[in-house]
Every structure is written in C-alpha cells, then in structure tokens.
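The structure under discussion appears below in the form of structure tokens.
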Amino acid sequence: MCEFCHKHGEGKKWYLEAKNYGEDLLSDSRRSKMFTKFFSGPVDLDAAVTGMEKLNNLPNYVRRVITWNTTRRMKQVHYGQVLPIEDVEKIFGFVNSITRLACICRQATTKSEQRYCYGVSMGPNGGKFSELMNQGAAASFLAGPDTKGLESVTKEEAIAAFREHEKEGCCHSVWTFITPFIGGVCNCDRQDCLAMRSTVTYRLPMMFRAEYVAGVDPEICTGCRSCMRVCPFGAIGYSSAREKAAIDPCMCYGCGICRAVCAKGAVSLSERASVPAAAKIW
Ligand code: SF4
Ligand code: SF4
Numbered sequence: 260m261c262e263f264c265h266k267h268g269e270g271k272k273w274y275l276e277a278k279n280y281g282e283d284l285l286s287d288s289r290r291s292k293m294f295t296k297f298f299s300g301p302v303d304l305d306a307a308v309t310g311m312e313k314l315n316n317l318p319n320y321v322r323r324v325i326t327w328n329t330t331r332r333m334k335q336v337h338y339g340q341v342l343p344i345e346d347v348e349k350i351f352g353f354v355n356s357i358t359r360l361a362c363i364c365r366q367a368t369t370k371s372e373q374r375y376c377y378g379v380s381m382g383p384n385g386g387k388f389s390e391l392m393n394q395g396a397a398a399s400f401l402a403g404p405d406t407k408g409l410e411s412v413t414k415e416e417a418i419a420a421f422r423e424h425e426k427e428g429c430c431h432s433v434w435t436f437i438t439p440f441i442g443g444v445c446n447c448d449r450q451d452c453l454a455m456r457s458t459v460t461y462r463l464p465m466m467f468r469a470e471y472v473a474g475v476d477p478e479i480c481t482g483c484r485s486c487m488r489v490c491p492f493g494a495i496g497y498s499s500a501r502e503k504a505a506i507d508p509c510m511c512y513g514c515g516i517c518r519a520v521c522a523k524g525a526v527s528l529s530e531r532a533s534v535p536a537a538a539k540i541w
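Count along the sequence shown starting at 1, add 259, and that's the number in the working numbering.
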C-alpha cells in the first residue's frame, strides 16, 4: 500500500474511499481557490520543462534536496497515482457524475483541445466541480470558440473512452486537489503530461505507481513484442534465446497498458504488495 493508502484510506486503496471525493471537501475555500487557479489557463509547460532540465544539471545533493521538497509539497497539493482500468471502473461505479474536459497539459503542448481528462464528483450534474470550473476557468481554457466546455458523460461512455485511450498507449491516473480530495481521473502520456514527464523523465516524482505490478506468463507468451512497444515506462525486456517478453517488477508502474495490447492474454496484474521485489517501490 502506498503512503496515501495509510494516511487517507485506513490501509485500503485511498482512491476507492468515497469520503475522499466528498462535496464538503470542496467547500474549503483554500481548496476551491486552488481548483479554479489550476484551471485558469494552460500550464506553461515549456517553462516547467526548462526548470526540470536545469535541475538535472545541479550537483546531486542539491538536486536531492530540491526533489524531496518539491515532491513533499506536491503530495500536499496535487499528486497522482497510476490506476489500471479495473480501478477506474470501480471509481466510476460509486461517483455520481463524470465530466469530460480538455486536458490542460495537452492544451499547452498541442495548442488544441484534447479531451483526455475527467472530473469526478459525488454531486449530481458535475457537483461543485462544474460549478467552480464555470466560475473560475479562463477563456483560454474552457470558453474558447472551438471548445466543447464541460461535457457530462455516463459511466459507460467514460469507460469506453478510457479503453480507447488505453489502446492509444495512455496511462490512467487519479489526482488530488489539495490532498486528500480527489477531483479527476486522467489519461496521461509521457510526452504531453507534465506530471508523468516530471516523474519518469526527470525523476521528480508527482505520482505514485499503481498498487499493482504486471507479469508475463511465459507458457502463453508468443514473443510478438507488442507489449514492449507500448510500455511507457520501459519496463519490458525480451529474451531472444527464449523468444519471450519479461517484465521487470522494479520498473513496472502497474498501468496495464501492456495487458490491453496482448492478443494472447499473457499479461496479468498482481497486487504490488504480493511481489516482494516491487512491494516497497512507489
Ligand atoms: S504482447 Fe503478449 S504475447 Fe506478445 S510479447 Fe507481450 S506478453 Fe508476449
Ligand atoms: S510493464 Fe505493463 S503494466 Fe508495467 S508499466 Fe509497462 S505497460 Fe504498465
């Protein structure tokens, strides 16, 4: 179990606890201000990436101190965790509304509206999430001439879209807006998602790995390597001698993207806690 499961889930998966989605948490003025500020316009991705590149050039001990402090602060404000599709389905099963919206990171990188993000709420019709977005989001983000704005979707529509995003190679993730309040579930890729890029490329953690680890059944694997091509974390190797793929549990984030593309059904996810090599790696 990750640190948030212990702190905010009483030892169970914290993102499956309905209280962490509570409308009452959004009534906190600090949180509602942060929420509207976050969505006030596309992030300055170029500036953020330049900052992270500079971090890489610092002496190791300075880098370690800055990384530790930044991650600690992000854990209090806006932190994520990778989720496999079955846990996304569980979340959509108990929230009362799902609102699709443009991804703020992709708005910055592609300069176009890419609808990969989903606000989740215990309230009906988008709850306070939609209320705050309508009040606070800047014209450059949600109110431009070509935007669809906030779009209410059913659980079935949301799950179908997530399955499509998974086939595109996107990794599902859940996000806090002043922890432990959870306001969104997203579909990230390493190029456009600032948090994923920061965590994986620049080793500045902004998201936990999933509570799971993937493994390949060598009896079933035919060695086609489709899984290797899609793993965003470079966790899959290939044995030429055995003609089989194999997953390094220490590098696996448990996203399940490899499982989605394996036509043979050779990949499965196990609870991270049951895999000694990965049990303490977040
Ligand atoms: S996609 Fe499946 S069958 Fe192909 S190499 Fe990966 S695990 Fe093996
Ligand atoms: S091996 Fe599979 S589950 Fe693990 S990180 Fe790669 S794609 Fe995700």
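All C-beta atoms in this analysis are idealised placements derived from N, C-alpha and C, irrespective of residue type, glycine included.
Taking 7 Å as the cut-off, is the CB of residue i close to at least one heavy atom of ligand 2?
| i | result |
| --- | --- |
| Ile479 | no |
| Gly339 | no |
| Ala494 | yes |
| Gly515 | yes |
| Val473 | As written in the sequence, residue 473 is Ala, which differs from the Val given in the question. True, at least one ligand heavy atom lies under 7 Å from that Cβ. |
| Cys452 | no |
| Val444 | no |
| Val433 | no |
| Val354 | no |
| Val489 | yes |
| Ile344 | no |
At the level of alpha carbons, what is the spacing between residue i and residue j?
| i | j | result |
| --- | --- | --- |
| Glu410 | Arg359 | 5 Å |
| Glu282 | Val379 | 11 Å |
| Ala367 | Thr458 | 18 Å |
| Gly339 | Trp434 | 4 Å |
| Cys521 | Cys486 | 6 Å |
| Ser499 | Pro477 | 13 Å |
| Glu530 | Ser286 | 35 Å |
| Phe263 | Trp273 | 6 Å |
| Asn393 | Ser371 | 20 Å |
| Lys271 | Cys261 | 9 Å |
| Gly310 | Phe298 | 21 Å |
Give me the Cβ distance between residue i and residue j, rounded to the nearest whole Å; I'm assuming they're in contact under 8 Å.
| i | j | result |
| --- | --- | --- |
| Arg449 | Thr438 | Going by Cβ atoms, the distance from Arg449 to Thr438 rounds to 23 Å, so no, they are not a contact pair. |
| Phe436 | Val341 | Not a contact, Cβ separation roughly 18 Å. |
| Ala537 | Cys511 | 7 Å |
With a CB to CB cut of under 7 Å and the five nearest residues on each side skipped, what residues in its chain are close to residue i?
| i | result |
| --- | --- |
| Asp507 | Ala494, Gly496 |
From this set, the options, which residue's C-alpha is nearest residue i's C-alpha?
| i | options | result |
| --- | --- | --- |
| Leu528 | Val475, Ile350, Met510 | Val475 |
| Arg484 | Phe467, Ile540, Lys503 | Lys503 |
| Ser288 | Gln373, Lys387, Asp346 | Lys387 |
| Cys362 | Asn355, Tyr377, Arg323, Val336 | Tyr377 |
| Lys523 | Met455, Ile479, Glu390 | Ile479 |
| Arg501 | Gly513, Thr481, Phe440 | Thr481 |
| Thr326 | Leu463, Tyr320, Arg365, Gly385 | Leu463 |
| Gln373 | Cys447, Tyr320, Glu345 | Cys447 |
| Ile418 | Cys445, Ser356, Gly443, Glu348 | Glu348 |
| Asp305 | Val354, Gln335, Val336, Arg365 | Arg365 |
With a CB to CB cut of under 8 Å and the five nearest residues on each side skipped, what residues in its chain are close to residue i?
| i | result |
| --- | --- |
| Arg290 | Leu284, Phe436, Ile437, Phe440 |
| Arg322 | Leu314, Asn315 |
Would the beta-carbon of residue i be found less than 7 Å away from any heavy atom of ligand 1?
| i | result |
| --- | --- |
| Arg484 | yes |
| Ala420 | no |
| Lys539 | no |
| Ala238 | Nothing can be reported for residue 238: it is not among the residues displayed for the chain, which extend from 260 to 541. |
| Lys523 | yes |
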